[in-house]
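Here the sequence shown is numbered in our numbering, starting from 96 and rising by one per residue. Quick reminder that beta carbons are idealized off the backbone N, C-alpha and C, glycines included. Keep in mind it's a predicted model, so treat the numbers as computed, not measured. Taking it in order: structure first as structure tokens, then the write-up.
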Amino acid sequence: MAEAQPRVFEASGGVWSQLRVEAMQAAAEEPLLASYLHASILHHDKIEDALSYHLAQKLGHGDLPALQLREVIREAYAADPSLVIAATRDMRVVRERDPACMTYLQPFLFFKGYGGLQAYRIGHWLWTQERHILAYHLQSRISELFAVDIHPNAKIGAGVFIDHAHGIVIGETAVVDDDVSMLHSVTLGGTGKVGGDRHPKIKRGVMIGAGAKVLGNITVGEDARIAAGSVVLSDVGARCTVAGVPAKPVGGPCCEGTKPAEVMDQRIAD
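Here's what the structure looks like:
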């Protein structure tokens, strides 16, 4: 893992360089947004500085000014460089997996899934620092702004793609591994008034279709697929496709030789 990290940082620089090129092109093409693009991206030397500014502008308000929140976000990025790595990987996978995404500029500035996920990551860092009240405050603001409600104690890996994002709910003890994709109106929730470890564990490479509900302390295995609108109440095996209410296995092993979260193929074989 440590050996791969320099390559990740190199890739981060590539994404940041391309993002700046796209921002310059957009500023030239649309002068009305030039000052916005300069303030959000072009005035900064590093992606974490641009994200700190952009997220603070989104999340700040009268009682918590953007200038103060920006310092909190910068502190998080300085203390935990993995947040920057995750932000870069998340942006790259949006570009790779979403056919509507033509630039890195789109997720950075406009996509609710990307913005909500990066804001959650700051809230999660605050939670690990025992700053629970501020973490809860950010959770509330993220829900208002991005229509994404993720508990700050939930654990979410890197390279995660949340498409459209509207109506996403992820509970307190949920765990989402690296390289997962999910669409709008997905719930990773509990089964009722149960305490303790009560939310799903989503393994690497899983794709969760729109409107799916995964409920309880269950495991969805690597490279599995959950069909749109399904209600999943029990474990799902690796490379298995489930569909229905309640969800049951359908067809054979899915996406042979590929990763469901990367391919984003929601069709079910006969």
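In terms of residues, what are the limits of the beta strand (DSSP E) holding residue i?
i: Val264; result: 263-265
i: Ile245; result: 243-245
Starting from residue i and walking both ways along the alpha helix (DSSP H), at which residues does that stretch end?
i: Ile142; result: 142-154
i: Thr268; result: Careful: Thr268 lies outside any alpha helix (DSSP H) and carries neither H nor E.
i: Tyr131; result: 129-132
i: Phe203; result: 200-204
i: His219; result: 207-223
i: Glu317; result: It is not in any alpha helix (DSSP H) - Glu317 carries neither H nor E in the DSSP assignment.
i: Leu178; result: 177-192
i: Ala356; result: 355-358
Please tell me whether residue i and residue j are closer than 9 Å, where the distance is taken between their beta carbons.
i: Val243; j: Ile228; result: no
i: Cys335; j: Ala319; result: yes
i: Pro295; j: Val275; result: no
i: Asp330; j: Asp258; result: no
i: Ala118; j: Ser135; result: yes
i: Ile251; j: Val281; result: no
i: Glu317; j: Gly300; result: yes
i: Val110; j: Tyr209; result: no
i: Val345; j: Ala338; result: yes
i: Leu114; j: Ala145; result: yes
i: Ala182; j: Arg216; result: yes
i: Ile142; j: Val179; result: yes
i: Gly266; j: Ala249; result: yes
i: Val167; j: Leu221; result: yes
i: His219; j: Pro176; result: no
i: Val358; j: Met302; result: yes
i: Val315; j: Val326; result: no
i: Tyr131; j: His139; result: no
i: Ala260; j: His279; result: yes
i: Arg165; j: Gly155; result: yes
i: Thr268; j: Asn312; result: yes
i: Ala307; j: Ile321; result: yes
Who does residue i pair with in a DSSP beta bridge?
i: Gly284; result: Leu310
i: Lys343; result: Ala338
i: Glu298; result: Per the sequence presented here, residue 298 reads as Lys, with Glu not at that position. Beta-bridge pairing links Lys298 to no other residue.
i: Leu159; result: His156
i: Val326; result: Lys308
i: Met277; result: Ile257, Ile303
i: Lys250; result: Val270
i: Val289; result: For Val289, which the question treats as bridged, DSSP gives no partner whatsoever.
Tell me the DSSP secondary structure of residue i in three-state form.
i: Ser112; result: helix
i: Ile168; result: helix
i: Ile363; result: coil
i: Glu105; result: Since pLDDT at Glu105 reaches only 41, below the 50 mark, its modelled position is unreliable, and the value read off the structure follows with that caveat. Glu105 falls in the helix class under three-state DSSP.
i: Gln100; result: Residue confidence for Gln100 is low, a pLDDT of 38 falling below 50, so the modelled location carries little weight and cannot support an answer.
Is the CB of residue i under 9 Å away from at least one CB in chain B?
i: Gly339; result: Considering every chain present, this structure includes no chain B. It has just one protein chain.
- With a cut-off of 8 Å, do at least 3 Cβ pairs link the region 201-208 to the region 216-225? Contact fails: fewer than three Cβ-Cβ distances are below 8 Å.
- Message: Whether or not the region 182-195 and the region 232-240 are in contact is what I'm after, with contact meaning three or more pairs of Cβ atoms, one per stretch, closer than 8 Å; do they touch?
- Response: With a cut-off of 8 Å on Cβ pairs, the region 232-240 is not in contact with the region 182-195, counting fewer than three such pairs.
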